[in-house]
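**Q** Protein chains in written order, with the numbering used here: chain Z, 58 to 635; chain P, 58 to 635. My questions will all concern the structure given below.
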């Protein structure tokens with residue numbers, strides 16, 4: 058009894074997050090493999106604050122959660138509104154579709170993320186239906202199921218609004234997609250796919266089904282050869298060949314997986330070596346990769362494709378389950394909001410380099426729903442010239458230029474990119490290019506010559522990809538800005554304002570690409586790391602395991618994901634219909 | 058790389074069930090606690106058999122699965138039909154409702170159970186819709202979801218039919234129950250309850266909800282004070298007090314749990330000490346136990362009860378979530394089947410002591426859908442007398458009686474129970490009772506005197522409870538009968554047939570009660586063990602953990618359930634809305 062009480066008390070202490078120092082020691086040994094995890098949570102000090110600014114965060118995805126986790130200033134009062142009360146580690150969604158990882162292992166309640174912070178926070182499980190940026194109000198609707206099916210509408214006002222609602226699936230208005238295809242954006246989607254895969258096998262095993270029908274039912278079509286589609290195809294192939302064939306021996310030879318890609322290659326955003334390896338591996342695995350195949354219609358039993366290689370011929374393929382994973386679209390209330398603020402015919406909310414929504418005050422947008430509108434050098438060339446030409450001589454010397462060069466590179470990152478890509482060592486090389494073969498010291502340019510020198514720089518501007526990595530970095534960046542808002546108001550740390558006086562409060566957001574993975578099944582992964590370093594094979598798979606385990610938002614999900622991987626290794630994947 | 062390949066190969070070998078000997082060593086150490094599990098699967102030998110008898114099993118619950126696991130004779134060809142392709146460890150369902158254990162941890166695919174057997178088996182995921190016992194056909198319908206929503210109908214014929222479809226919820230025709238209440242019979246029910254509990258907390262946390270409405274939403278009503286209702290109430294109380302109060306500090310004081318029981322006490326099937334302890338503990342925990350409260354109507358916001366203690370007054374209680382866990386009813390196709398075979402107005406299919414359905418050939422019924430119709434001694438008294446009186450003297454001597462006593466006790470277990478309850482040491486004591494004070498050796502009875510001696514014996518007949526334990530023992534018993542069908546045909550091992558010649562093939566089914574648990578929350582459990590041994594408290598909770606871990610059907614579920622318990626201990630329960 059005494060022993061137990063110790064246990065119980067220990068458990069309470071263990072889970073009590075108010076303690077200043079927390080040590081989690083999980084030592085799990087399976088068949089000689091081991092995991093040692095150590096965590097430390099540094100306490101933040103709380104201070105009494107008279108007046109709190111209301112920060113309203115829409116969304117609990119990568120961007121929103123990253124913002125919440127990094128916001129430390131107790132002078133804010135945070136209200137989070139999202140239809141999901143949890144954060145989901147979306148890069149593991151393809152693993153969830155086949156039961157390699159359980160859905161619950163990749164989610165963490167938002168309230169748990171709050172609880173560890175010393176910022177006043179509350180959460181409402183609701184969808185945003187309208188943003189009124191003029192009156193600083195957001196209209197929300199809760200669609201929580203209840204017996205009477207009522208919807209609860211409410212209005213939240215804010216001082217700062219953070220829009221981090223992500224994107225929705227883009228069907229490109231292809232008929233039948235919404236009705237008949239599965240998607241892979243939410244946790245529920247992954248769970249539904251998992252049930253449907255088992256459904257297909259069960260249906261094909263019924264005594265009354267003809268062989269032809271069995272073949273149709275067991276044909277899995279995946280539309281979109283991007284990272285998600287490819288990873289799902291690989292995961293499904295592993296699930297079928299490692300687990301299901303043993304349980305469904307009667308139908309195992311009828312299974313077919315087809316990957317449909319409208320472009321010329323799958324994984325086109327990756328290095329060519331990765332694309333070639335993936336296409337080759339899929340061919341060996343028996344996954345049918347159909348490139349140049351654009352889906353034009355989906356019925357309940359057939360997918361119609363336009364074959365680009367055969368002059369646009371329309372073909373129909375019978376299928377049992379179809380997964381649609383091509384591109385992202387804008388949520389309807391975001392479209393409304395964009396119309397309201399004059400951003401028409403755009404894919405996503407345009408922000409400046411500090412993630413502030415253009416045409417609004419105190420509204421920020423980040424993640425998949427936003428896109429940064431990088432200012433062009435050419436737009437500001439006159440202002441740049443004026444600021445740089447300190448002696449108002451009408452010409453710029455190299456010395457003058459070098460003094461503001463850091464600010465220029467910070468404000469217009471395309472300049473730095475351009476220099477790097479052209480293998481130039483400094484601004485002198487760039488200016489020399491337009492002046493011809495003169496000595497560096499004697500370079501002097503007028504505004505027209507500066508224009509000529511910088512004319513191609515803006516071509517280096519790139520839109521950021523809609524990935525978890527970008528969203529997460531944006532959330533962290535914005536939270537840090539918010540944490541230092543007052544401090545930076547007094548001592549701005551950003552680059553010179555070229556059009557106006559003074560300096561920007563903060564440095565603009567800069568994305569740091571850490572690399573990207575493309576798991577290809579059979580314990581092999583392709584990794585494209587910074588510096589165009591490419592690694593393919595089993596070793597990358599272990600790198601993938603390590604990175605994904607370390608990137609989990611909590612020790613709970615980390616322990617669960619790792620134990621799921623071990624479970625899969627020991628017992629295989631479960632095929633119960635739940 | 059080499060290291061990895063070893064891993065991969067090891068993993069394959071590990072999961073290959075064809076190996077003659079399998080050793081699973083899982084050594085998981087968390088904070089000094091340890092678990093050592095060791096498993097050995099003895100291989101069964103396969104033999105070529107010319108003609109196979111078709112055994113059709115309906116249902117994959119405790120009875121059906123226990124039958125499948127114990128059937129070893131390769132001369133059968135087994136076809137299992139069930140709407141669920143998995144077996145669920147139902148005693149852990151209340152734990153699933155609050156996330157103490159994950160749904161997937163308590164299920165095992167039926168095909169996995171087959172795969173390890175050397176009996177030809179197949180499975181069809183379908184519901185039985187009609188049994189035609191005359192033509193030995195069963196009509197099935199598969200309602201697997203597919204895009205076109207078709208239903209697949211098919212017919213299966215059989216040589217032996219095993220009905221193990223369990224029971225369904227009994228609403229006693231109370232209006233509104235089906236529409237508004239949750240049940241706790243299937244895995245999906247438990248998952249739905251879990252989501253609804255979180256829903257209620259989220260709904261109550263919305264800004265627009267009034268305090269009174271919050272109170273209503275956070276009122277959890279549980280109807281039925283049986284083991285399921287009590288365990289769920291306890292589990293919910295733990296979930297709220299240990300986990301949710303931290304995440305929902307704003308609404309924690311508004312939560313209320315009410316347990317409604319129509320009878321005078323909760324856990325009425327248990328020892329009085331357990332009932333008293335449970336009622337006392339619930340009172341201390343703040344769970345409102347309302348006995349003598351019969352639910353007469355459920356609307357979307359209110360439960361109407363008839364208060365037996367207040368002369369049948371009707372009261373209405375507002376509620377947020379209601380769970381209905383009172384009694385079990387008959388499935389419609391079983392009702393049809395019973396009408397077909399002339400069993401009208403019964404709660405369950407009546408079988409004889411060998412689990413054969415009365416009025417049919419080669420049809421067996423077991424588990425919650427069946428009830429054993431124990432033959433009464435009084436019905437057979439003439440036959441018993443005739444068989445026992447070997448010298449046809451018209452009177453029975455003690456010696457004659459003692460010769461058939463074992464058979465009588467086996468055929469009519471109520472005789473043994475009667476002797477035990479009356480503290481009689483043997484048949485002589487029983488006969489003496491009717492003859493008065495005579496010497497044992499000189500006892501001699503005629504038929505009327507025998508009737509007098511045995512007149513009260515039949516009062517000891519008891520119906521078996523509808524529990525997993527009974528169903529599981531019945532499944533194992535029936536499989537063993539099937540395994541030895543041919544052998545016992547030649548050498549019957551059952552008791553003498555009193556009405557006919559010869560012996561019964563098998564010994565009749567005899568239930569062995571191993572005890573019952575009632576978890577009461579706060580790491581305390583009440584256990585009623587054989588011999589009316591009662592244990593309540595923390596030690597019983599550990600007994601509960603051990604028994605439930607050991608009773609799992611596979612090493613996979615065992616490992617998962619144990620790791621779920623550890624996860625709960627370390628990280629608490631998850632409150633994500635999935």
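Where a beta carbon is used, it is the ideal one built from N, C-alpha and C, also for glycine.
#1: Using 7 Å as the limit for Cβ to Cβ distance, is residue 552 of chain Z near chain P?
#2: In its own chain, which residues sit with a C-beta less than 8 Å from the C-beta of residue 365 of chain Z, not counting the 5 before and 5 after it?
#3: Mind listing, in chain order, the continuous alpha helix (DSSP H) runs of no fewer than 4 residues lying wholly within the region 273-342 of chain Z?
#4: State the DSSP-derived secondary structure class of residue 126 of chain Z, mapped to helix, strand or coil.
#5: Which ranges would you report for the alpha helix (DSSP H) in the region 154-179 of chain Z if only whole runs of at least 4 residues count?
#6: Is residue 501 of chain P helix, strand or coil when you go by DSSP?
#7: Kindly list the residues whose CB is nearer than 6 Å to the CB of residue 188 of chain P, restricted to its own chain and excluding five residues on each side of it in sequence; keep chain order.
#8: Identify every residue that forms a DSSP beta bridge with residue 651 of chain Z.
#9: Decide if residue 4 of chain P is buried, meaning its Cβ has at least 16 other Cβ atoms within 10 Å, or exposed.
#10: Between which two residues does the beta strand (DSSP E) containing residue 470 of chain Z stretch?
#11: For the region 543-556 of chain Z against the region 456-470 of chain Z, do three or more pairs of beta-carbon atoms, one drawn from each stretch, fall closer than 8 Å, so that the two count as touching?
#12: Just the Cα atoms here: how many angstroms apart are residue 451 of chain P and residue 573 of chain P?
#13: So residue 472 of chain P packs on residue 434 of chain P, CB below 8 Å; how close in whole Å?
#14: Skipping 5 residues on each side, what residues in its chain have a beta carbon closer than 8 Å to that of residue 428 of chain Z?
#15: For chain Z, check one thing: does any of its Cβ atoms lie closer than 7 Å to the Cβ of residue 265 of chain P?
#16: How is residue 426 of chain P classed by DSSP in three states: helix, strand or coil?
#17: Mark residue 145 of chain P as exposed unless 16 or more other C-beta atoms lie within 10 angstroms of its C-beta, in which case mark it buried.
#18: Check residue 617 of chain Z in the structure and name its three-state DSSP category.
#19: Per DSSP, what are the beta-bridge partners of residue 583 of chain P in this structure?
#20: Assign residue 512 of chain Z to one of two classes, buried (16 or more other C-beta atoms within 10 Å of its C-beta) or exposed (fewer than that).
#21: For residue 425 of chain Z, which of Z:108, Z:240, Z:618, Z:529 has the nearest alpha-carbon?
#22: Got a sec: which bits of the region 119-147 of chain Z sit with their beta carbon under 7 Å from any beta carbon on chain P, in order along the chain?
#23: Sort out for me which residues DSSP pairs residue 189 of chain P with in a bridge.
#24: Evaluate residue 304 of chain P with the Cβ neighbour count: other Cβ atoms within 10 Å of its Cβ, from every protein chain shown; 16 or more gives buried, anything less gives exposed.
#25: Quick check on residue 209 of chain Z: buried or exposed, where buried means 16 or more other Cβ atoms within 10 Å of its Cβ?
#26: What does DSSP give as the partner residues of residue 611 of chain Z in its beta bridges?
#27: For my contact list, residue 645 of chain P and residue 258 of chain P are in at a C-beta cut-off of 8 Å; report their separation, rounded to the angstrom.
#28: Given a cut-off of 7 Å, decide if residue 634 of chain P and residue 250 of chain P are closer than it, judged by their beta-carbon atoms.
#29: Hey, is residue 256 of chain Z's beta-carbon within less than 7 Å of any beta-carbon in chain P?
#30: Within 10 angstroms of its Cβ, does residue 170 of chain P collect 16 or more other Cβ (buried), or is it exposed?
#31: Which runs of the alpha helix (DSSP H) spanning at least 4 residues fall entirely within the region 483-562 of chain P, listed in chain order?
#32: Have a look at the DSSP bridge pairing and note the partners of residue 631 of chain P.
#33: Check the Cβ-Cβ distances between residue 244 of chain Z and every residue of chain P, and say whether any is below 7 Å.
#34: Ignore the nearest five residues each way along the sequence and tell me which others in residue 153 of chain P's own chain have a CB closer than 8 Å to its CB.
#35: Exposed or buried, what is residue 588 of chain P when buried is set at 16 or more other beta-carbons lying within 10 Å of its beta-carbon?
#36: DSSP on residue 372 of chain Z, reduced to helix/strand/coil?
**A** The structure says:
#1: No - not a single Cβ of chain P is within 7 Å of the one on residue 552 of chain Z.
#2: These residues qualify, in order along the chain: 319, 349, 350, 351.
#3: Under the rule that a run must span 4 or more residues, the alpha helix (DSSP H) segments found entirely inside the region 273-342 of chain Z read 284-296, 329-342.
#4: If DSSP states are grouped into helix, strand and coil, residue 126 of chain Z belongs with the helices.
#5: The qualifying runs are 167-172.
#6: Strand at residue 501 of chain P.
#7: Excluding positions up to five away in sequence, the list reads 195, 394.
#8: Nothing about residue 651 of chain Z can be reported from this structure: the residues present for chain Z run from 58 to 635 only.
#9: Residue 4 of chain P falls outside the range modelled here, since chain P spans only 58 to 635, and no answer is possible.
#10: Counting along the chain, residue 470 of chain Z falls outside any beta strand (DSSP E), though it belongs to the alpha helix (DSSP H) covering 470-478.
#11: Of all C-beta pairs linking the region 543-556 of chain Z to the region 456-470 of chain Z, three or more are shorter than 8 Å, placing the two stretches in contact.
#12: The straight-line gap from Cα to Cα measures roughly 47 Å.
#13: Contact holds; Cβ gap of about 7 Å.
#14: Counting only Cβ-Cβ distances below 8 Å, and skipping sequence neighbours, we find 403, 404, 405, 406, 407, 408, 520, 521.
#15: Answer yes: the Cβ-Cβ gap between residue 265 of chain P and chain Z drops below 7 Å somewhere.
#16: When DSSP states are grouped into helix, strand and coil, residue 426 of chain P belongs to the helix group.
#17: By the 10 Å Cβ count, residue 145 of chain P comes out buried.
#18: It is helical.
#19: In DSSP, residue 583 of chain P forms a bridge with P:575, P:593.
#20: By the 10 Å Cβ count, residue 512 of chain Z comes out exposed.
#21: That would be Z:529, whose Cα lies nearest to the Cα of residue 425 of chain Z.
#22: Within the region 119-147 of chain Z, contact with chain P at the beta-carbon level (separation under 7 Å) is assigned to 141, 142, 143.
#23: Partner(s): P:194.
#24: Counting Cβ neighbours within 10 Å, residue 304 of chain P comes out buried, since at least 16 surround it.
#25: Buried, by the Cβ-count rule.
#26: The partner list for residue 611 of chain Z (beta bridge, DSSP) is empty, contrary to what the question assumes.
#27: There is simply no residue 645 of chain P to check, as chain P begins at 58 and stops at 635 in what is shown.
#28: No; because the gap between Cβ atoms is not below 7 Å, this pair is not in contact.
#29: The beta carbon of residue 256 of chain Z falls within 7 Å of a beta carbon belonging to chain P, placing the residue at that interface.
#30: Burial call: buried.
#31: The region 483-562 of chain P is shown to contain whole alpha helix (DSSP H) runs of 4 or more residues at 484-492, 504-511, 525-540, 542-547, in chain order.
#32: According to DSSP, which records beta bridges pairwise, residue 631 of chain P is partnered with nothing at all.
#33: Residue-level contact by beta carbon holds for residue 244 of chain Z and chain P, with a gap shorter than 7 Å.
#34: Excluding sequence neighbours, residue 153 of chain P sits near 159, 160, 163, 244, 247, 248, 251.
#35: When all chains shown are included, residue 588 of chain P counts as exposed.
#36: The answer is strand: DSSP assigns residue 372 of chain Z an E or B state.
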